[in-house]
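> Residue numbers (the working numbering): 126 to 425.
Mind looking over this structure? Questions follow.
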């Protein structure tokens, strides 16, 4: 298959490109700069000049491919609403270009926040008030317009070599700067984690075998407690692991406070059964026990 991908130079997207190429697919990646084009070409992909807000170029790229993966997102937390709208418009443009073709379109979402203690499954709808990304709402209706569209939901903590800006290195940086690795209360609240290479494998499977309207969850460890995470970071940094009250979460963790305080377990059972997806790469705790994060993110 000839696969058109946006975000092919990102942390997850670059792994998806490598996964697709290794499986024998041709890959064409959206490139907004010469540096991005060079990165794609060095990986073995073809570069397609254009930007996420250049809707005509997006549609032309999708129209010339057998399948499309939308892995790009503008990580502008200063104006998140604008980033969400850029994402929505790009997805709508891609869906319109593929309408009636029965070709795959795989978009990126995320495991939504459920009710406290609720295990989030593929059937759990995202509450816009708690999970403001509109990727699924924009994409999945195209299943009724002849597009084999599906959504991949990566875990909250996507980890692995090369992770410089994700949640895990930010938690490590906060612990290093504050001199303590904190969790909220007893730390028994849960989060999900998955290795970036396992996410990449799921994107490939969704392109090859996915069904229209489906949601697939990239969850390897669906019940990692923040206490275990805090202890693992504390051990590697040589700082104490401490409990702080929920009232201090925002001050200590910044915008990560809501995530660290939430109890958000999740399952990928349906994804494993329907696509045969099986995580094979190191767990987050194994990565934290190795040098993946602590050499990469060591201060100057």
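C-beta atoms are modelled at their ideal positions from N, C-alpha and C, and glycine is treated no differently.
In whole angstroms, what is the alpha-carbon distance linking residue 186 and residue 302?
Rounded to whole angstroms, residue 186 to residue 302 spans 44 angstroms at the Cα level.
> Leaving out five residues on either side along the sequence, give the residues of the same chain with a beta carbon under 6 angstroms from the beta carbon of residue 142.
Hits under 6 angstroms: 133, 152, 168, 170.
> What residues in its chain sit with their C-beta under 6 angstroms from that of residue 392, if we drop five residues either side in the sequence?
Excluding positions up to five away in sequence, the list reads 244, 246, 347.
> Assuming residue 261 is part of the alpha helix (DSSP H), what are its boundary residues?
Element bounds for residue 261: 260-264.
> Pick out whichever of 127, 220, 399 has its Cα sitting closest to the Cα of residue 190.
Out of 127, 220, 399, 127 has the C-alpha closest to the C-alpha of residue 190.
> Could you give the first and the last residue of the continuous beta strand (DSSP E) run that contains residue 308?
Looking at the DSSP string, the run of the beta strand (DSSP E) that includes residue 308 is 306-309.
> With distance defined between alpha-carbon atoms, name the residue in 335, 374, 300, 320 nearest to residue 363.
That would be 300, whose Cα lies nearest to the Cα of residue 363.
> Ends of the alpha helix (DSSP H) at residue 167?
Taken as a continuous stretch (DSSP letters only), the alpha helix (DSSP H) holding residue 167 covers 159-168.
> Just verifying my parser: in three-state terms, what is the DSSP assignment at residue 284?
DSSP places residue 284 in strand when its eight states are reduced to three.
> With C-beta atoms as the reference, is residue 213 less than 8 angstroms away from residue 176?
No, the Cβ-Cβ distance between residue 213 and residue 176 is not below 8 angstroms.
> Assuming residue 351 is part of the alpha helix (DSSP H), what are its boundary residues?
Counting along the chain, the alpha helix (DSSP H) containing residue 351 begins and ends at 351-362.
> What did DSSP end up calling residue 273 once you bin it into helix, strand or coil?
Three-state result, residue 273: strand.
> List the endpoints of the continuous beta strand (DSSP E) containing residue 229.
Here the beta strand (DSSP E) through residue 229 covers 229-233.
> Would residue 320 and residue 291 be called neighbours here (beta carbons separated by less than 8 angstroms)?
In this structure, residue 291 does not lie closer than 8 angstroms to residue 320 by Cβ.
> When the Cα atoms are used, what is the spatial distance from residue 231 to residue 365?
For residue 231 and residue 365, the distance between alpha carbons rounds to 42 angstroms.
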